[in-house]
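Encoded as structure tokens, the structure appears first; notes follow it.
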Amino acid sequence: MPKPLIVVTGKNGQLGWELLQLSGRFAGAFDFLFAGREDMDMSEPETIPVFFENIKPDYVINCAAYTAVDKAETDQETAYTVNATAAGMIAKECHRYGCVYLGISTDYVFDGKGTAPYTTGTACDPVNYYGYTKYMGEQLALEHCEQSVIIRTSWVYSSHGHNFVKTMLRLMKERPEIKVVHDQIGSPTYAADLAEVLMQVIESMQHGHAHYGIYHYSNAGAISWYDFALAIKAAAGMQCEVLPIPTAAYPTPAKRPAYSVLDTTAIQADYGIVLKDWKQQLHTCLSHNTINLLN
1 MPKPLIVVTG KNGQLGWELL QLSGRFAGAF DFLFAGREDM DMSEPETIPV
51 FFENIKPDYV INCAAYTAVD KAETDQETAY TVNATAAGMI AKECHRYGCV
101 YLGISTDYVF DGKGTAPYTT GTACDPVNYY GYTKYMGEQL ALEHCEQSVI
151 IRTSWVYSSH GHNFVKTMLR LMKERPEIKV VHDQIGSPTY AADLAEVLMQ
201 VIESMQHGHA HYGIYHYSNA GAISWYDFAL AIKAAAGMQC EVLPIPTAAY
251 PTPAKRPAYS VLDTTAIQAD YGIVLKDWKQ QLHTCLSHNT INLLN
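Quick note on numbering: UniProt numbering labels position 91 of the sequence shown as 91, and the sequence is numbered without any gaps.
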């Protein structure tokens, strides 16, 4: 009997890369196909049905995304095409071929005005255009494919790609002093942990325990970007001085949420996910990937 096929889009991004590193552990139970722009270009959604005609997956993990949050404010058409239209098209093809769609979304679907962790039932009010495109991607996926799991996450980092941890390490190496906002609160997520969660969800489905809909996942703990920077400094043994500043002192084209902590109760209950501490996972990332992180 052939092994179930998992297609991963966005193979060159943080999460796609972590899934690639993880895939060897699951090679006995699953086949994997890691797809890039050359396989189906999310900015040209008409390429998506062609891909599915030739490849009949059992699961699709859609890691492809337009993630330039500030640029999305002006490059709206591309951001919407990649994050919403293409996500909906992939989900439609999943429905056509009877496979499961797993999509990744963001804490930016909320307005950031909350004071308690956002549940999956909290009404969405995207804080910026990027958040709006991801929200629409969720809606289109759920509309087109009943077998959809959307995982909203926050503050994702890895030793691969562009992220806050790598940026901080670079700046701390280059400068004697940096300033980081102290009044935006959220939860970091190590991409390797998110990759593990996705595989745990798929394994549960293989054993007949499928739950569809929207879920939240991050590492455990709520901190500010300033707190995160201090932890990175300490863990990496950097000498750079880190100074706190308010959001008002660091204007950006796209608004950021003041508070975007996610309530992860549902994914813990339905899929038995155990959250890992954010600081512990930062140390794990740094200890495993020092060379990659500093390049």
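Positions of the beta carbon are idealized from the N, C-alpha and C atoms, including for glycine.
Range of the contiguous beta strand (DSSP E) that encloses residue i
i: H216; result: G213 to H216
i: R152; result: S148 to T153
i: Y59; result: Y59 to N62
Under the three-state DSSP convention, the category residue i falls into
i: I273; result: coil
i: F34; result: strand
i: N83; result: helix
i: T284; result: helix
i: G103; result: strand
i: A191; result: helix
i: A234; result: helix
i: N12; result: coil
i: V165; result: helix
i: residue 303; result: One cannot answer for residue 303 here, as it falls past the ends of the chain, which runs 1 to 295.
i: G24; result: helix
i: V261; result: coil
i: V156; result: strand
Endpoints, the alpha helix (DSSP H) within which residue i is located
i: N54; result: T47 to N54
i: K134; result: Y129 to H144
Cut-off 7 Å between Cβ atoms - residues of its own chain near residue i, not counting five sequence neighbours on either side
i: G114; result: Y259
i: P126; result: Y108, V109, Y132 and Y135
i: Q281; result: Y190, D193 and N219
i: A79; result: Y66, A72, Y129, Y130 and T133
i: Q76; result: Y129
Cross-strand partners of residue i (DSSP beta bridge)
i: S43; result: Bridge partners of S43: none, in fact.
i: V7; result: L33 and V60
i: K178; result: For clarity, residue 178 is Ile in the given sequence; the question names Lys instead. Per DSSP, V242.
i: A220; result: D277
i: I185; result: S224 and Y259
Cut-off 8 Å between Cβ atoms - residues of its own chain near residue i, not counting five sequence neighbours on either side
i: T153; result: I104, S105, T106, D107, T189, L194, H216, Y217, S218 and L262
Cut-off 6 Å between Cβ atoms - residues of its own chain near residue i, not counting five sequence neighbours on either side
i: P253; result: D70 and E73
i: I6; result: F30, F32 and Y59
**Study point:** Meets three-Cβ-pair contact criterion under 8 Å: the stretch 221-236 and the stretch 36-51
**Key:** no
Check your understanding: For the stretch 19-32 against the stretch 167-186, are there 3 or more C-beta pairs whose distance is under 8 Å?
Key -> no
Point to revise | contact_flag[the stretch 92-100, the stretch 64-76] where n(CB pairs < 8 Å) is 3 or more | key: no
Check your understanding: Are three or more beta carbon pairs between the stretch 56-63 and the stretch 10-19 nearer than 8 Å?
Key -> yes
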